[in-house]
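Presented below is the structure to which this report refers.
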Amino acid sequence: MGDETTARRKDAHLDLCATGDVEPAQNSTLLEHVHLIHCAMPELAADEVDLGTPFMGKALRAPLLVTGMTGGTERAGAVNRELALLAERHGLAFGVGSQRAMAEDASRTASYAVRDVAPTVALIGNIGLYQAIGLGVDGVRRLSDAIGADGMALHLNAGQELTQPEGDRDFRGGYRVVEELARAFGDRLLVKETGCGIGPDVARRLVELGVRNVDVSGLGGTSWVRVEQLRATGPQAQVGAEFSGWGIPTAAAIASVRKAVGPDVRLVASGGVRGGLDCAKVLALGADLAGMALPLFRAQQQGGLAAAEEALKVILTALRQALVLTGSRNVAELRQRPRVVSGALKDWLAAL
103 MGDETTARRK DAHLDLCATG DVEPAQNSTL LEHVHLIHCA MPELAADEVD
153 LGTPFMGKAL RAPLLVTGMT GGTERAGAVN RELALLAERH GLAFGVGSQR
203 AMAEDASRTA SYAVRDVAPT VALIGNIGLY QAIGLGVDGV RRLSDAIGAD
253 GMALHLNAGQ ELTQPEGDRD FRGGYRVVEE LARAFGDRLL VKETGCGIGP
303 DVARRLVELG VRNVDVSGLG GTSWVRVEQL RATGPQAQVG AEFSGWGIPT
353 AAAIASVRKA VGPDVRLVAS GGVRGGLDCA KVLALGADLA GMALPLFRAQ
403 QQGGLAAAEE ALKVILTALR QALVLTGSRN VAELRQRPRV VSGALKDWLA
453 AL
């Protein structure tokens, strides 16, 4: 596939995510079924709350990853630079979108280059599993080194690829590549889904192969199946519509994966995490970091860096408030607080 095809697809993705119906109304993270318990006497001040957390060798000031979504075009580069600068200012982790475009055409590297505006941010590169098969370990390492990344995300997106008109159809050999990359990158490798979720069986297998960081990226936020459905025509569009609600809801994925892999694997919960209270809920369920992109991207598209900064301040203020109102000085204490799990989430967790 030519590099121009990939670049055009990246800009089409941005157009759809900026204004399109990419979050199907019927999809749910099931976070509405997680209820944190109010503490009427928290006995702490808001500025006592410590949101700090380690990730990819960096000390984050808040447990939040701005998840990778774009790259490969001039417009995408501007988005990456502004959101990376935002992450730098607030001590967050930041991921670029798939580096497939720069793997096909090195001149597109600049659209992923953010180190000059975010010199200390925890920076995560990104490549698809089935592109990594072709690139090999050395090729993936070159992508990481080219942008000065602290870690590398390997994204899994079979649902998206099957709906994408020019997408992959052969998904064999993935675990072999994961094992090779885990051996090469160690705890600098993050394996992530793209909105359909990772369940406990796959998570256990990844950890057995040496993976130490997993982003469950569950159902309930941006549906990349829906994004590709909106780009497709004919039977592919019809099948995409049928599968735009396919996946494991984020709340079910994070709770079941944490139970499956134990306490030593670092988990990111993304997929429909939209505010500070959502962040608190996924952290309470077992995530080490919450991940999000769409709320900050849409704010940036509507009002530039200033609007994205305002949106982020609201998110972080709400997260801090949730900890105060549960009587938690840090995330570790939040996990020990009582909570209620109800409705469909109980059914998912029983099944998983």
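Mapping of the sequence shown onto the working numbering: residues 103 to 454, in sequence order.
A virtual CB, placed ideally from N, CA and C, is assigned to each residue, including glycine.
No experiment lies behind these values; they were computed from the predicted model shown.
For Asn315, the uninterrupted beta strand (DSSP E) segment begins and ends at 315–317. A distance below 8 Å between beta-carbons, with the five flanking residues on each side excluded, links His135 to the following residues of its chain, in chain order: Ala353, Val443, Ser444, Gly445, Ala446, Leu447, Lys448.
If you check the CB distance, Gly159 and Val198 do not come in under 8 Å. Residue ranges of uninterrupted beta strand (DSSP E) with 3 or more members, entirely inside the segment 309–376 and ordered along the chain, are 315–317, 368–371.
Looking at Gly429, Gly377, Pro144, the one whose alpha-carbon comes closest to that of Leu166 is Gly377. Among the bridge pairs identified by DSSP, Pro267 is matched with none.
Listed in chain order, the non-local C-beta contacts of Ala343 below 6 Å within the same chain comprise Gln331, local neighbours out to five positions each way being set aside.
Taking C-beta atoms as the reference points, Ser325 and Val124 count as a pair closer than 8 Å.
Contact between the segment 368–387 and the segment 313–325 is present: 3 or more CB-CB pairs across the two stretches fall below 8 Å. Counted as a single uninterrupted DSSP element, the stretch harbouring Leu146 is not any alpha helix (DSSP H), since DSSP gives it neither H nor E. In its chain, beyond the 5 residues on either side, Glu281, Ala284, Arg285 have a beta carbon closer than 7 Å to the beta carbon of Gly312. Short of 6 Å from the beta carbon of Leu258, and not among the five residues preceding or following it, lie these beta carbons of its own chain, in chain order: Leu231, Glu295.
The Cβ neighbour count for Asp303, taken over all protein chains shown within 10 Å, is under 16; the residue is labelled exposed.
Pairing Arg274 with Val151, the inter-Cα distance amounts to about 46 Å. According to the DSSP assignment, Arg285 belongs to the alpha helix (DSSP H) that extends over 276–287. When DSSP reads this structure, Pro156 sits in a beta bridge with Ala161. Rounded to the nearest angstrom, the gap between the Cα atoms of Arg439 and Leu387 is 11 Å.
Listed in chain order, the non-local C-beta contacts of Leu451 below 8 Å within the same chain comprise Ala354, Ala357, Ser358, Val443, local neighbours out to five positions each way being set aside. The beta carbon of Ser130 sits closer than 7 Å to those of Gly322, Pro351, all from its chain and outside the five residues before and after it, given in chain order.
The Cβ atoms of Gln402 and Ala410 lie closer than 8 Å to each other. In the three-state reduction of the DSSP assignment, Ile139 falls in the coil class, being assigned neither a helical nor a strand state. In the DSSP assignment, Gly197 falls within the unbroken beta strand (DSSP E) covering 195–197. Taking C-beta separations shorter than 7 Å and ignoring five residues to either side along the sequence, the partners of Arg314 in its chain run Asp289, Val367, Arg368, following chain order. Relative to the Cα of Gln201, the nearest Cα in the group His192, Met171, Ala434 belongs to Met171. Assigned with DSSP and collapsed to three states, Met394 falls in strand.
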